[in-house]
Amino acid sequence: MTRNIKFILNNEFINADVNPAGVILDFIRDNQLTGTKEGCKEGDCGACTVLIGELKNDEVVYKSINSCLFPLGNVHGKHVVTIEGINQSGKELTPIQQAFVEEGASQCGFCTPGFIISLTGYLLSAESLDAKDALYSMDGNICRCTGHNSIIRAAERITSKFNKLTGQSENKIQVLADYGFVPDYFLHIKERLSKIDKAEFHREVNGDSTYFVSGGSDLFVQIPDVMMKSTIKFLYDNPEIKFIREENGHILIGSTSTVNEVLNSKIMLTYFPSLFNFIELFGSLPIRNSATIGGNLNNASPIGDMTSFFLGLNSTIVLADRDDNLREIPMRDYYLSYKKTARNGDEYMKYLYFKIPTKPYYFNFEKVSKRTYLDIASVNSTILIETSDDIISDVHISAGGVSAIPLYLRKTRDFLLNKTLSVDLIKDAVEMAGNEAAPISDARGAADYKKLLLKRLLFSHFIKLFPEIISIKDTVID
Amino acid sequence: MKNYDIINHVRGESQFIDDLNVPQGTLFATVYGSPSAHGKILNLDLSEARAIKGVKDIITYVDIPGQNQIGGIIKDEELLAEHEVHFMQMPIALVVAESEFIAREAARKIKIEIEQYEVITEPREAFAKNKLIAPPRVFEGGNVDAAWAQCDYIIEGDCDSGGQEHLYLETQGAFAIPLEGGTFKVISSTQGPTAVQRVASNVLGIPMNKIEVEVLRLGGGFGGKEDQASPWAGMAALCAYKLKRPVKLILPRHDDMRMTGKRHPYSSDYKLGLKADGTILALEATYFQNSGASADLSPAVLDRTLFHAANAYHIPNVRVTGVMCKTNLPSNTAFRGFGGPQGKFVIEAAIFKASEVMGMPAYEIQKKNLLKENDEFHFGQKAKHCRARLSWEKMEEEFKVYDRISAIEKYNSENDLMKKGYAFMPICFGISFTNTLMNQASALVNIYTDGSVTFTTAAVEMGQGVNAKIKEIISRMLGISHDSIKTEPTNTSRNANTSPTAASSGADLNGNAAKIASSILRDRLLRSAAEELKLPLYEISIKDEVVCHKGEPTELKWHELILRTYNKRISLQAQAFYATPNIFFDRVTNKGDAFFYHVYGTAYIEVTVDCLKGTYQFNAVKVMHDFGESLNEVIDRGQAEGAIIQGLGWMTLEEVIYNKDGRLLSDLLSTYKVPDIHFAPEDMDVRFLGLPNPVGIMGTKAIGEPPLMYGIGGYFAIMNAVKAFRPGASFKISSPYTAEKVLMNLYSNVNIDEKISSLSVTEEK
Ligand SMILES: Cc1cc2nc3c(=O)[nH]c(=O)nc-3n(C[C@H](O)[C@H](O)[C@H](O)COP(=O)(O)OP(=O)(O)OC[C@H]3O[C@@H](n4cnc5c(N)ncnc54)[C@H](O)[C@@H]3O)c2cc1C
Ligand code: FES
Ligand code: FES
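Chains as they are written, first to last, in this note's numbering: chain Z, 704 to 1181; chain S, 2 to 766.
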């Protein structure tokens, strides 16, 4: 079950025969690089954060990922950077490390390398420095000791002191190396990566593959030990299904587009500018960097955010079998029962598409979780309304977390269609939606709560989209 | 002055147990835990698991050569279950294999049959069924029964506070190495090296001197590794003993969360009596502590609840009763604050309810009753150098809080969707182990012939900066730079009979021991220098690694002095011991000067609640804290901020959920949420009251635990905002105040406290 994988680990070329289902955290720690820590092995603490550099348009593009969930099968041809790869020789500290020392932004130290890596990743990828963005780049790192305020202050030191880094993006790595943020060997990574032959294995379709793996951020949480014994079809680096494009009044999204790529894409933001506010509500930056649309829709979780999102846009999924025969299924018919989809075992999702809505249209996404960020939703919901002359000409509403499957609220849609919006209509629709839902009690909330929350999120859609029609005062239930 | 460990931290070079290079032949152990929370083991089938290639052994209680007993305070806890299981995931067997992967695979093949017994998870149910860990404890001061008649208001109610998972980022773990002559070295991630040594010695049935325990540092402890690091170390030692090979046992996060205890959840009844002007006359309360399956540290935790029942208030008549309820959950254990937060939560809940009934802002009641100099606590000690009022007043003044409150009221009148809330939280926390005998520590300081220095104490470094503080003390005492001093790992062969690093006392106790050791060395060195320079002793000092005469540097440098002193055959090594003076506590009358001193402070907290969705964000935490004279402001501020956020987490996001079967539902980081970087309030302003501690080492005060209790204010700030949306409503008080509970309070009637809501809240009496 081993495969030959080549990549650069810090300054060292690795050419190894490994089980591609092993996660890179184990690989680096087994290779004495113990600065990268294991805090949870489920993507939720960030102690294992490393950077992955990839050649894109003749540039090395770095992003942070959780090494505890990232399979070796996904690192071929890339640059993997751990804290040891950031350290300057001797005892000299990088400006980020120095800022952490000055602010006392490390206590027990267990989380610290992860934070330093995330912030270094931010400097490597940001176009200009901004304190808020710097903070967001660490949204996947948990520190139990400091409470984070000192870490925020350390980041602010960097963003204010080095704000002149702005705009020097042509030779970014050179600049960062000059300031001591990264060692000089970074300057040669581009050339070294370009010499690694592209491996073919990720496109391998034959064999009795048991699992499709895309970003792995779901599978390696659920069943890492099973993965070690399975044959795997890696999709993540397949360029054919990594795209976001507009075609004939539709938007098409390849299944291995990452959540980050989708939520930051120019096309999506053009049509759905409010999307910008929702980006950080999905997982954390390293999760958004690895999690894909295909993985989100196909793990078939009833509370997937991208699932809610694309279901609310009434998308259609395009599947391919071994022989590349295509089959289309509307998302609202895709989910059959808990974690079961209409996809056959040998099929995989190539892409999805949806119609660009007709103006005027209104779009909103809502998610509430116990912790606002880096948390799975208790309930989420997406709405898309098209109107003509104040009449609802089309509407789609999804609701996650309130049923065994991601819900498409059919009855509520039918009820609203061709009607004029009013407080009473909205109240009736919300009541109806509440009746379509059948939540269960679990760690994310009691059933009663989830039902109430769904109703509140639906009100929230309307209050945000139609503030002239309805306000919170109209929604108070006694 | 820097915390030198931090330089290695930021480079990822600090080593934790899992980072150590293991010798060839090391085996890996995984723990097999009970699938049932209570029952009798009928059959345990290990055959299939044993047959897996790479499995070296599967160890159960029959393999224990010594005692299968790890209870510290009460001997009621087995290392490995023999015939009965008392909580879900109670350890039953240890699978030892060539790799962790194989060990886990094999553990999944173990089969067990259990006859199911009744499972109890709630403390009041356990109490009703008379399942107690030990008899109830009662602390009493004044005359409560007589006081009620003088009260204008008597507020009765109940409230709950939830558990809290420590979530130290480094999970529990140990590495045991068999050495020659039947001795063992155990490297453990523990706050209590001696506890580990004692447990391992009991389990292996060998004397303590055959077990050396070493602790490098901890990736967080928070109390979770005070007593509960010992079982895993004991297990690793047991495996190493049986297999004669080094064995590493690191709990994966899931196992750590399911197998270890947490902060004790409490369910409490209170009765508070007040005069119409807000003066509190009497408090009676009963605390039903959810102790879990065995005693662990529960009795000591409960005592601290009783000590701190009145928080920073002077209440002349107090009777508080604590009940340790035995449930089928992992034994709950020490957690930063150690029962203090649970006690303070109850008095704050009672005051909040009183404010609703009396129509008087809670802060007026709080302020009116703050402790004054020489006020007597209900356990007989008097408040000395009391800074309760001072910190409150300075907080009021420096943060202009009443202007802020007016601004909040204005905001709330103009906003329907968002409401802001605020709360004050004063604290008073006693410093010393309440078990007096534990207030002892030792230190060893070595000077080598080249002038370099090492020290080691009983203190365990877990990020609280204790070693940096001790280094500062030694550096000041010897007049040498930090760079010349190296910290050695805590080790039972260097410092015997150590108390755990806990109760915020690490720097006080060990710092004092190190100070004494340093002063012994300093005396010898000064004598030696006086002799060398032929100058009077009293005119000699050492500064910046140079011997000074009347404060002026001489030719004699530190390293030269050291060498000459050595050549004269004078010892360059000193060991010293410290025991806190003047403290005592009578456990029969429950009276005494239990604490060496108290820490005071006041916080003001603001929050914004999204009333559409029930979510919230803390905006400001403003604190005037009594740090004493700080040895290191960066470290002390860091401790305060970290503790405050942990306290706010306990009050809000962090929800430990067990189902009726005793299964932990919040058993992953994806279901148990701790504060993240977004949670941090934008305006976190912790100020130093700035007065030295007259009895503290170098004027300092302990810092680890007290600020956590400011977090309690977070609960009431949210409730204050919710009430701005639903005026007149009164709610049941039950932490954590999750977004779920907030939304339910905003829109449903299920958690309404009808007794008080039905009262119309008016200005007059
Ligand atoms: C810490 C953390 C936070 C998270 N936060 C969120 C969150 O906020 N919101 C949210 O919605 N989710 C969240 N998730 C869940 C997860 O990240 C997402 O579901 C993610 O989109 C999965 O994508 P992936 O590519 O990593 O999936 P993978 O693990 O690679 O695959 C998931 C499943 O989909 C299948 N699959 C993948 N690609 C295809 C394909 N092209 N065709 C057919 N089947 C395919 C796989 O076989 C597997 O069954 C979080 C996960 C973690 C670990
Ligand atoms: S180990 Fe926690 S995110 Fe990877
Ligand atoms: S410093 Fe301990 S977890 Fe961050």
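All C-beta atoms in this analysis are idealised placements derived from N, C-alpha and C, irrespective of residue type, glycine included.
For His953 (chain Z): DSSP bridge partner residues: Z:Glu950 and Z:Lys1058
Indicate whether Phe619 (chain S) and Pro682 (chain S) have their beta-carbon atoms separated by less than 8 angstroms. yes
Under the three-state reduction of DSSP, which class applies to Tyr288 (chain S): helix, strand or coil? strand
Rounded separation between Gly225 (chain S) and His560 (chain S) - CA only: For Gly225 (chain S) and His560 (chain S), the gap between their C-alpha atoms comes out near 42 angstroms.
Contact check, Gly206 (chain S) vs Pro66 (chain S), beta carbons under 8 angstroms: yes
Using CA coordinates, which residue listed in S:Phe456, S:Ser494, S:Glu473 and S:Leu43 is at the minimum distance from Lys487 (chain S)? S:Phe456
Looking at the C-beta of Ala681 (chain S), does it have a partner C-beta in chain Z at a distance below 8 angstroms? Yes, contact with chain Z.
In chain Z, which residues lie with their C-beta within 7 angstroms of the C-beta of Cys612 (chain S)? Ile1175
With H, G and I counted as helix, E and B as strand and the rest as coil, what does DSSP make of Asp699 (chain S)? As written in the sequence, residue 699 (chain S) is Met, which differs from the Asp given in the question. Of the three classes helix, strand and coil, the one that applies to Met699 (chain S) here is helix, per DSSP.
7 angstroms CB neighbourhood of Ala1107 (chain Z) in its chain, flanking five on each side removed: Pro1005, Ser1040 and Tyr1041
Can you tell me whether DSSP reads Thr814 (chain S) as helix, strand or coil? No answer is possible for residue 814 (chain S): it lies beyond the span of chain S, which begins at 2 and ends at 766.
Determine whether the Cβ of Arg254 (chain S) lies closer than 8 angstroms to any Cβ atom of chain Z. yes
Taking Arg477 (chain S) as the reference, which of S:Ala515, S:Gly466 and S:Leu510 has the closest Cα? S:Ala515
Which one of S:Asp161, S:Pro137, S:Lys383 and S:Ala177 has the shortest CA to CA distance from Glu26 (chain S)? In the sequence as displayed, the identity of residue 26 (chain S) is Gly instead of Glu. Nearest neighbour of Gly26 (chain S) by Cα position, chosen from S:Asp161, S:Pro137, S:Lys383 and S:Ala177, turns out to be S:Ala177.
Complete runs of the beta strand (DSSP E) confined to the region 557-605 of chain S [at least 3 residues]: 574-580
Which one or two residues does DSSP pair with Gly629 (chain S) in a beta bridge? S:Thr701
Assign Gln16 (chain S) to one of three DSSP states: helix, strand, or coil. Here Gln16 (chain S) carries a coil assignment [DSSP, helix/strand/coil].
Taking CB distances under 8 angstroms as the criterion, tell me whether Asp6 (chain S) reaches chain Z. yes
Residue burial classification, His891 (chain Z) (beta-carbon count within 10 angstroms, cutoff 16): exposed
What residues of chain S sit near Asn790 (chain Z), judged by a beta carbon separation below 7 angstroms? Arg12
Simplified DSSP state of Tyr1041 (chain Z), which is helix, strand or coil: coil
Whole-angstrom C-beta distance between Met1009 (chain Z) and Val962 (chain Z), which should lie under 8 angstroms: Between Val962 (chain Z) and Met1009 (chain Z), the beta carbon gap of about 6 angstroms places them in contact (Cβ cut-off 8 angstroms).
Could you tell me which of Z:Ser1072, Z:Pro774 and Z:Glu964 sits nearest to Val721 (chain Z), measuring between CA atoms? Comparing Cα positions, the closest option is Z:Pro774.
Please confirm whether Leu562 (chain S) has its beta-carbon closer than 8 angstroms to some beta-carbon of chain Z. no
Interface positions of the region 1076-1103 of chain Z facing chain S (Cβ-Cβ less than 8 angstroms), listed along the chain: Within the region 1076-1103 of chain Z, the qualifying residues are Tyr1076, Leu1077, Asp1078, Ile1079 and Ser1081.
6 angstroms CB neighbourhood of Phe434 (chain S) in its chain, flanking five on each side removed: Within the same chain, Phe434 (chain S) has close Cβ partners Asn440 and Ala504.
So the candidates are Z:Phe865, Z:Lys1153 and Z:Asp900; which of them puts its Cα closest to the Cα of Val778 (chain Z)? Z:Asp900
So, using beta-carbon positions, are Pro474 (chain S) and Ile678 (chain S) closer together than 8 angstroms? The sequence given here places Ile at residue 474 (chain S); Pro does not occur at that position. Going by C-beta atoms, Ile474 (chain S) is not nearer than 8 angstroms to Ile678 (chain S).
Can you check whether the C-beta of Asn852 (chain Z) is within less than 8 angstroms of a C-beta belonging to chain S? yes
Is any non-hydrogen atom of ligand 3 found closer than 7 angstroms to the C-beta of Ser821 (chain Z), if you look at the structure I gave you? Checking every heavy atom of ligand 3 against the Cβ of Ser821 (chain Z), none is found closer than 7 angstroms.
Outcome for Asn909 (chain Z) when other beta-carbon atoms lying within 10 angstroms are tallied against a minimum of 16: Reliability of the predicted coordinates at Asn909 (chain Z) is poor, the pLDDT of 43 falling under 50, and the value obtained from them is presented with this limitation in mind. Exposed, by the Cβ-count rule.
Residue burial classification, Asp921 (chain Z) (beta-carbon count within 10 angstroms, cutoff 16): buried
Short of 6 angstroms in beta carbon distance, which residues of its chain neighbour Val1098 (chain Z), apart from the five on each side in sequence? Order them along the chain. Ile1088, Arg1116 and Leu1119
Contact under 8 angstroms by Cβ, Gly222 (chain S) with Met463 (chain S): Closer than 8 angstroms, so yes.
So, helix, strand or coil for Tyr169 (chain S), using DSSP? In this structure, Tyr169 (chain S) counts as coil in the three-state DSSP scheme.
Hey, which residues come within less than 6 angstroms of ligand 2, measuring from Cβ to any heavy atom, in chain order? Taking each Cβ in turn, the ones that pass are Z:Glu741, Z:Gly742, Z:Cys743, Z:Lys744, Z:Gly746, Z:Asp747, Z:Cys748, Z:Gly749, Z:Ala750, Z:Cys751, Z:Asn769 and Z:Cys771.
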